[in-house]
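Residue numbering for the first sequence follows numbering that gives the first Met the number 0, starting at 0 and increasing by one per position.
Glycine included, each C-beta is placed from N, C-alpha and C at the ideal position.
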Amino acid sequence: MPELPEVETVVRQLRPLLQGRLIEGARVLWKRTIAQPSAAAFARDVTGRRVEALSRRGKYFVLHLSAQEAATRARGARAPSARSAPVRADRAPKLLVGHLRMTGRLFVDDDPKPPWTRATFPLDNGRHLIFVDVRKFGRLALVDALEQALPAMGPEPLGPEIDGEWMAQALGERKRMLKPLLLDQSFLAGLGNIYVDESLHRARLHPLQLSHRVSRARAVDLAASIRDVLTAAIAKQGSSFDGFYRTPEGQPGDYQHEFTVYGREGEPCLRCAAPIRRIVVGQRGTHFCARCQRAPRKAVGERRRASKAGGSR
DNA sequence: CAAGACTCCTGACGGC
DNA sequence: TGCCGTCAGGAGTCTT
Numbered sequence: 000m001p002e003l004p005e006v007e008t009v010v011r012q013l014r015p016l017l018q019g020r021l022i023e024g025a026r027v028l029w030k031r032t033i034a035q036p037s038a039a040a041f042a043r044d045v046t047g048r049r050v051e052a053l054s055r056r057g058k059y060f061v062l063h064l065s066a067q068e069a070a071t072r073a074r075g076a077r078a079p080s081a082r083s084a085p086v087r088a089d090r091a092p093k094l095l096v097g098h099l100r101m102t103g104r105l106f107v108d109d110d111p112k113p114p115w116t117r118a119t120f121p122l123d124n125g126r127h128l129i130f131v132d133v134r135k136f137g138r139l140a141l142v143d144a145l146e147q148a149l150p151a152m153g154p155e156p157l158g159p160e161i162d163g164e165w166m167a168q169a170l171g172e173r174k175r176m177l178k179p180l181l182l183d184q185s186f187l188a189g190l191g192n193i194y195v196d197e198s199l200h201r202a203r204l205h206p207l208q209l210s211h212r213v214s215r216a217r218a219v220d221l222a223a224s225i226r227d228v229l230t231a232a233i234a235k236q237g238s239s240f241d242g243f244y245r246t247p248e249g250q251p252g253d254y255q256h257e258f259t260v261y262g263r264e265g266e267p268c269l270r271c272a273a274p275i276r277r278i279v280v281g282q283r284g285t286h287f288c289a290r291c292q293r294a295p296r297k298a299v300g301e302r303r304r305a306s307k308a309g310g311s312r
């Protein structure tokens with residue numbers, strides 16, 4: 000599922016294909032894909048704008064759009080609502096903000112409507128910007144400012160301020176299990192199930208460990224691990240393993256070959272050979288090595304079974 | 001403040 | 001062969 004590395008890859012690859020292009024129209028095939036404004040207003044207001052830049056915030060991608068160009072706006076009569084609305088569109092620059100969630104894909108294609116297309120935008124070069132989303136969880140929004148579309152979000156994990164110091168303090172300020180804490184976008188923006196599991200394993204931290212009990216040294220390791228994992232994943236253009244995520248160029252990512260715990264239940268830990276285990280934490284599959292990632296002193300039944308299963312020591 | 005449950009979705013997969 | 005229940009999972013919302 001698209002997390003920070005995947006979205007970063009999408010933005011990087013789409014940039015040369017979209018920057019400077021004019022969006023000539025919009026067709027929304029699944030209304031609920033549009034978070035705001037209404038699907039009709041979205042289609043009308045996105046029409047006639049030029050893509051000036053692309054960026055990413057957490058797992059969200061952002062298309063920075065120019066003010067609407069009057070000439071093409073009239074031509075954009077193909078937008079579903081254009082006829083009914085006495086065009087009183089806000090001509091100020093807009094931001095098209097979107098989230099791929101589980102199965103969303105954003106790419107440019109010659110085919111105006113591939114299978115599972117939820118929104119499609121003809122461009123001024125004859126091609127189309129396509130939003131495909133099998134499970135319909137993905138969302139697009141058109142807003143004036145980023146804060147309008149995004150919930151409160153923590154800092155970017157690859158930002159310069161995220162270091163051992165920051166992590167030690169941030170973990171100390173909360174009393175939460177590491178797995179759900181790292182998944183919380185208001186704590187750190189961009190981590191998802193895969194990269195949290197991978198980062199915790201790299202830092203030798205148990206997913207159920209309580210944040211305020213993590214030692215300073217471990218916190219420093221965690222900050223570095225997150226940075227290393229994300230950086231490596233971006234270099235590999237993200238992870239593909241379930242047939243959903245593809246780069247805008249249609250290629251799968253390569254980081255799935257580097258997974259040390261995710262999806263490896265029962266297989267040997269690459270560090271100590273103990274079998275990787277899978278538990279459910281906060282409704283989410285969680286993978287870890289019970290030997291490398293020591294169970295929190297006083298945790299759930301997990302530890303009980305772990306020690307019974309042969310915890311020498 | 002923390003955390004679990006529930007919801008939204010649909011393709012894939014196991015079981016019979 | 002084919003029907004059916006179960007799962008996965010990001011994030012918002014509602015309870016406990």
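From V45, V195 and D183, residue whose alpha carbon lies closest to that of R20: V45
Cβ pair count under 8 Å reaching 3, the segment 150-170 against the segment 100-119: no
With DSSP run on the structure shown, which of helix, strand or coil describes K30? helix
Excluding sequence positions up to five away, which residues of its chain have a Cβ less than 7 Å from the Cβ of E248? Q12
Would you be able to state if there are at least three C-beta pairs under 8 Å between the segment 167-176 and the segment 214-230? yes
Roughly how far, in whole angstroms, is the beta-carbon of A37 from the beta-carbon of V10, given that I think they are within contact range, below 8 Å? For the sequence presented, residue 37 should be read as Ser rather than Ala. Their Cβ separation, rounded to whole angstroms, is 26 Å, which puts S37 and V10 out of contact at 8 Å.
To which residues of the same chain is G281 closer than 6 Å at the C-beta, ignoring the five residues directly before and after it? P179
Let me know the alpha helix (DSSP H) ranges lying completely inside the segment 136-206, each 4 residues or longer, listed in chain order. 145-148, 163-171, 177-182 and 192-201
Identity of the residues DSSP links to C288 by a beta bridge: I275
Cα-Cα, which of H63, G242 and V260 is closest to R276? V260
V219 - containing alpha helix (DSSP H), residue span: R215 to A234
Based on DSSP bridge pairs, tell me the residues matched to H63. A52 and L94
V279 to C271 span [Cα, whole Å]: 23 Å
Just verifying my parser: in three-state terms, what is the DSSP assignment at A73? Note that A73 scores a pLDDT of 48, beneath 50, so its modelled location is shaky and nothing firm can be said.
Go ahead and pull the three-state DSSP assignment for A84. At A84 the pLDDT is 49, less than 50, meaning the model places this residue with poor confidence and gives no usable figure here.
Is it buried or exposed, L95, if we count other Cβ atoms within 10 angstroms and call 16 or more buried? buried
Alpha carbon to alpha carbon, what distance is there between R48 and P206? 45 Å
Bridge partners - Q35, DSSP secondary structure assignment: A140
With DSSP collapsed to three states, give me the class of D132. strand
Rounded separation between H200 and L105 - CA only: 31 Å
Note the first and the last residue of the continuous beta strand (DSSP E) segment covering V107. G103 to D108
Where V280 sits in the DSSP three-state scheme: strand
Considering just the uninterrupted stretch of the alpha helix (DSSP H) at R14, what are its terminal residues? L3 to L17
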